[in-house]
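Note that the first sequence ends on residue 809 in our numbering; no numbers are left out.
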Amino acid sequence: MYEASPVEKKWQKRWADKGLYTAALHDEKRPKYYNLVMFPYPSGDRLHVGHWYNYAPADSWGRYMRMRGYNVFEPIGFDSFGLPAENYAIKTGVHPVQSIAANCARMEQQLSAIGTMYDWSKKVVTSDPEYYAWTQWVFLQLYKKGLAYRKRAPVNWCPSCNTVLANEQVVDGRCERCKSEVTKRDLTQWFFKIRDYAERLLNFEGLVWPEKTMLMQKHWIGRSEGSVVNFMIEGGVKEMITVYTTRVDTLYGCTYVVLAPENPLVEKVVSAEQREAVQAYQELSKKETDINRSAEGREKSGVFTGAYARNPINGDRVPVWVADYVLMTYGTGAVMAVPAHDERDFAFAKKYELPIIQVVKPAGSEKVSVKEMAFTNDGVLMNSEEFDGVESVVARRKITEILKHEEAGDFRVNYKLRDWLVSRQRYWGAPIPIIYCKDCGDVPVPDEQLPVLLPQNVDFIPRGVSPLALVPEFMQTSCPRCGGKAERESDTMDTFVDSSWYFLRYPSARMKDGPFDRELTSHWMPVDMYIGGPEHACMHLLYARFITMVLHDIGHIDFDEPFTRLVHQGLVTKDGAKMSKSKGNVVSPDEFIERYGSDVFRMYLMFMGPFEAGGDWSDQGITGAARFADRFWTLMSSRKQTQPEEVSDFRGLQRNVHRTVKKVREGIEAFTFNTAIAALMEFVNEAMKTGIDLEHRKIMVRLIAPLAPHLAEEIWEFLGGKSTIFDESFPEFDPAMLIEESVEIAIQVNGKLRGTIVVEVGAEKDTVLAAARAEEHVAKYLEGATVKKEIYVPGKLVSFVV
RNA sequence: GCCGGGGUGGUGAAAUGGUAUACACGAGAGACUUAAAAUCUCUUAUCCGCAAGGAUGUGUGGGUUCGAGUCCCACCCUCGGCACCA
């Protein structure tokens, strides 16, 4: 009987004492392998099955690569800044510094119990000043490169709590805490110009990433080719309305223009009579969350501004409206409405009785009516003066060229991607290292003054401004440029900034005089394997690529993609449902670890299904993994030294070993650990019957080592192994050893299986066919029939068509 | 609505166009035991049949092929992501 608990404790202690997993960062004899998992947020809850499902198989992969001869670096840390610790502080008064320290310590303990190869000496904690000093350095690098700028942008505002809310804290347009209606407030905030990198971020060359993830990033970046068109405004307004469109071929069908409610042009064009109505509408739209505003099938709404604009292509006079179906965050915050050829414009025009003019018809002679619905396909132009009869694709180019010539428009590539808002009106984050001086304007904190320390003595109860703004000792400083009185920026940074460069820090963790050692980083980066949840496809993974590209362009690093291979773990469900606190179906690993040990728990997680697909947790299912561990233990740690000649079918055993090695390797490589474990189970079931000699035991123990590290170490030691099994090589297989002497051949008649025969490997086709015909069931079906066709697939089957 | 996964026994799931359901859970029967647990052995897709055997069967309907879970077309369901994107 395998007693997991003492064995696991023994080996975890021995690994730690020997510093087995302290990476040999300067060893260049072996090829490097940077095996990384997305670092956790140190929450107050215990580790859940989801953590294990992520970390344990990822560690098995690392152990496998180590046994394959790689110098594996497997670091871990904590993404410890962020909202939950601050909210916990507001609720309980416990300072985030304390709660985070406690949570990190406990989580470190629990993570160690998994039995991973983490190099704790390289731990990174994003809320440590020794780390965030360099997060601030990253900010300043972008600032100095002109990639950080300030502009006014709306935030969710709860008037009752007197605070800014994250999207997550807004539920159905109301504050999750006090349920009052959430509105918007404009604040001046810092942004990173990630849009400048949109084009480069679309290039995934050389990356081994899931197709799905690359596609999601492409959609998120949302490149489209179109045109901008300028509409002059009547009545002496100097500004013009610039719209972005991908369908400039429909310009003759534009019957009105729409501005987003937040568009600054609204105040400038609105007429005296319409001012009140328009302002009321703007107020109303502030209360609408983005989600509401973008709800499908929602009734369109809008207000006429009283203004008119001129269509530059034909001089038509069109009314200017305000409507919230136009978003300030996309394109130019204004659209030309062509109800005949756009569904949203069509619905709006129907409601407000605006004219609908068809200007495109399908190619060919068929007619289409735009009375009931918009025709949104490309086609051939009509009602478009000299462009009548021109195809949409051609018309788009020609019309834009004319507009360009008349300085009324141009070609434009547009992206959905918005610049990255990094300001947070929060306490628990890295302070933005900028100083505001009356005379010098905004001044970056000099590198040698970093970190800008987050003060500890702070009142984090919401008072309507950033908590740091109320700490005079923090705020009041002197200008690094002129020495005069100055104030600090009171906002902190988005935690995505912290996590967008931590992988660069790991090899140089604790380094005092810089963010990372250039040589070490060049050696270890890029990350060879990055494992984490698919929910990070568009935010974290895009930001990390962006920051890496920027640091490359500035000359700090000599690579510009951080993660070469990416794998997402699937979701562990319980009875088919996502585990969540609110459903109360969260499975805690603790009792299972106590009962079966971490190796069994790890193996069961891997056995549930393919890693990327996730699986369904079953309290009973784990017994299968436990029984297997026991059987493996019994077989391998038997005191009886079976000699090769005592094995009942030694040649069969050899073949079985090589076949299992092949299957396990293939399973691990494909992250289908379930099939690797199934192959091991099959082997044990077989070897229990035939017996197994010492040499083959040693192969099998090395084979299971990445999947059940403690168990393997213990058996390895029992079998006379020195030191650690993870310094041994992973077993290879010999294809020649896989060859069977005989093989079973399936026989089909008219595509239906009618029998099987066993023939020698390499038997002649005629011999096999004759044997197939002679098979008694087959013979019955062939009797009296003419065989029209015979198909012979060597080693597989014979098929007769009669 | 768009994009991307997926749909196979009672359950989790295997299967380079070539014997569908490996491996495991559960269930049933038996061995050991005073008994139970644990362990071991056997059975376990459905239907007909005492059996030998036969028929049906991978969401639905078509197609390609000697042969389709796998390829093609249409559809249904489900999960995830994005969503009034001009």
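Glycine is no exception: its CB is placed at the ideal position from the N, C-alpha and C atoms.
Legend entry - Range of the contiguous alpha helix (DSSP H) that encloses Gln281: Segment 279-294, the alpha helix (DSSP H) holding Gln281.
Inset, instruction - Counting only the same chain and skipping the five closest in sequence on each side, list residues whose C-beta sits under 8 angstroms from that of Val450. - result: Counting only residues of its own chain and dropping the five nearest sequence neighbours on each side, Val450 has a CB closer than 8 angstroms to the CB of Ile441, Ile442, Tyr443, Cys444, Cys486, Pro487, Arg488, Ala493.
Inset, instruction - Report all residues from its chain with a CB closer than 6 angstroms to the CB of Arg324; omit the five preceding and five following residues, and keep chain order. - result: Excluding positions up to five away in sequence, the list reads Tyr315.
Inset, instruction - For my contact list, Leu718 and Ala694 are in at a C-beta cut-off of 8 angstroms; report their separation, rounded to the angstrom. - result: In this structure Leu718 does not touch Ala694 by the C-beta definition: roughly 16 angstroms separates them, more than the 8 angstroms allowed.
Inset, instruction - May I have the straight-line CA-CA distance separating Asn464 from Ala415, to the nearest angstrom? - result: A straight line joining the alpha-carbon of Asn464 with that of Ala415 spans about 57 angstroms.
Legend entry - Backbone secondary structure at Arg756 - three-state DSSP: According to the sequence as given, residue 756 is Val; it is not Arg. Note: Val756 maps to strand in three-state DSSP.
Legend entry - Three-way DSSP call (helix, strand, coil) for Tyr799 in this model: Per DSSP, reduced to three states, the secondary structure at Tyr799 is strand.
Legend entry - Reference Arg658, options Glu747, Pro716, Val162, closest by Cα: Out of Glu747, Pro716, Val162, Glu747 has the C-alpha closest to the C-alpha of Arg658.
Legend entry - N- and C-terminal bounds of the alpha helix (DSSP H) containing Val664: First-last of the alpha helix (DSSP H) with Val664: 657-676.
Inset, instruction - Compute the Euclidean distance between the alpha carbons of Lys647 and Asp623, then round it to the nearest angstrom. - result: The alpha-carbon separation between Lys647 and Asp623 amounts to approximately 39 angstroms.
Inset, instruction - Reducing DSSP to helix, strand and coil, say where Thr257 ends up. - result: Helix at Thr257.
Legend entry - Spatial neighbours of Glu303 in its chain, beta-carbon cut-off 6 angstroms, leaving aside the 5 residues before and after: Here the model assigns Glu303 a pLDDT of 49, short of 50, so the residue's position is not dependable and the matter cannot be decided.
Legend entry - Under the three-state DSSP convention, the category Glu303 falls into: Here Glu303 scores only 49 on pLDDT, less than 50, and its place in the model is too uncertain to base an answer on.
Inset, instruction - Run the CB neighbour count on Gly338, radius 10 Å, all protein chains shown included, and call it buried at 16 or more, exposed below. - result: With 16 or more other Cβ atoms within 10 Å, it is buried.
Legend entry - Phe725, enclosing alpha helix (DSSP H) - first and last residue: Following the DSSP letters along the chain, one finds Phe725 inside the alpha helix (DSSP H) bounded by residues 716-725.
Legend entry - Top-ranked residue by Cα proximity to Thr528, from Leu687, Leu558, Glu783: Considering only alpha carbons, the answer is Leu558.
Inset, instruction - Return yes when the C-beta of Pro13 is under 7 angstroms from any heavy atom of the ligand GDP, and no when it is not. - result: With respect to the ligand GDP, the structure shown offers nothing to examine, as it has no ligands at all.
Inset, instruction - Have a look at Gly51 and Asn663 and give me their C-alpha separation to the nearest angstrom. - result: Gly51 and Asn663 have their C-alpha atoms some 48 angstroms from each other.
Inset, instruction - Can you give me the start and stop residues for the alpha helix (DSSP H) that Glu693 sits inside? - result: Glu693 -> alpha helix (DSSP H) spans 680-697.
Inset, instruction - Within 10 angstroms of the Cβ of Gly591, are there 16 or more other Cβ atoms? Answer buried if so, exposed if not. - result: The residue in question, Gly591, is exposed, as its Cβ has fewer than 16 Cβ neighbours within 10 Å.
Inset, instruction - Name, in chain order, the residues that DSSP records as bridge partners for Phe740. - result: Residue pairing by DSSP leaves Phe740 without any beta bridge partner.
Legend entry - Sufficient close CB pairs (3 or more, under 8 angstroms) joining the segment 722-740 to the segment 752-769: No, because fewer than three Cβ pairs between the segment 722-740 and the segment 752-769 fall closer than 8 angstroms, the two stretches do not touch.
Inset, instruction - Count the other CB atoms, across all protein chains shown, that sit within 10 Å of the CB of Ser167; report buried if there are 16 or more and exposed otherwise. - result: So Ser167 ends up on the exposed side.
Inset, instruction - Could you tell me whether the Cβ atoms of Leu714 and Ser119 are closer together than 8 angstroms? - result: The Cβ-Cβ distance between Leu714 and Ser119 does not fall below 8 angstroms.
Inset, instruction - Check whether the Cβ atoms of Ala777 and Val805 sit closer than 8 angstroms, and answer yes or no. - result: Result no, Cβ atoms of Ala777 and Val805 do not sit closer than 8 angstroms.
Legend entry - Residues of its chain near Ile538, where Cβ-Cβ distance is below 6 angstroms and the 5 sequence neighbours each way are ignored: Short of 6 angstroms from the beta carbon of Ile538, and not among the five residues preceding or following it, lie these beta carbons of its own chain, in chain order: Val44, Ala65, Val574.
Legend entry - Runs of alpha helix (DSSP H) wholly within the segment 124-209 (minimum 4 residues, chain order): Entirely contained in the segment 124-209, the alpha helix (DSSP H) runs reaching 4 residues are, in chain order, 136-151, 205-208.
Legend entry - Where the alpha helix (DSSP H) containing Lys581 begins and where it ends: No alpha helix (DSSP H) contains Lys581, which is instead part of the beta strand (DSSP E) from 579-581.
Inset, instruction - Since I believe Val162 is in contact with Val171 (beta carbons under 8 angstroms), could you give me their beta-carbon distance rounded to a whole number of angstroms? - result: With a Cβ gap of about 5 angstroms, Val171 and Val162 count as contacting.
Inset, instruction - Could you tell me the boundaries of the alpha helix (DSSP H) in which Leu410 lies? - result: Membership of Leu410 in the alpha helix (DSSP H) is indicated by the continuous run 399-412.
Legend entry - Counterpart residues of Asn321 in DSSP-defined beta bridges: In DSSP, Asn321 forms no bridge with anything.
Legend entry - Same chain, Cβ closer than 7 angstroms to Pro13, five either side skipped, listed in chain order: There are no such residues.
Legend entry - Ala632 versus Tyr603 - alpha carbon distance: Answer to the nearest angstrom: the Cα atoms are 9 angstroms apart.
Inset, instruction - To the nearest angstrom, report how far apart Leu511 and Gln456 are at their CA atoms. - result: Per the coordinates, the alpha-carbon of Leu511 lies some 22 angstroms from the alpha-carbon of Gln456.
Legend entry - Burial state of Arg634, where buried means 16 or more other Cβ atoms lie within 10 Å: Exposed, since its Cβ has fewer than 16 Cβ neighbours within 10 Å.
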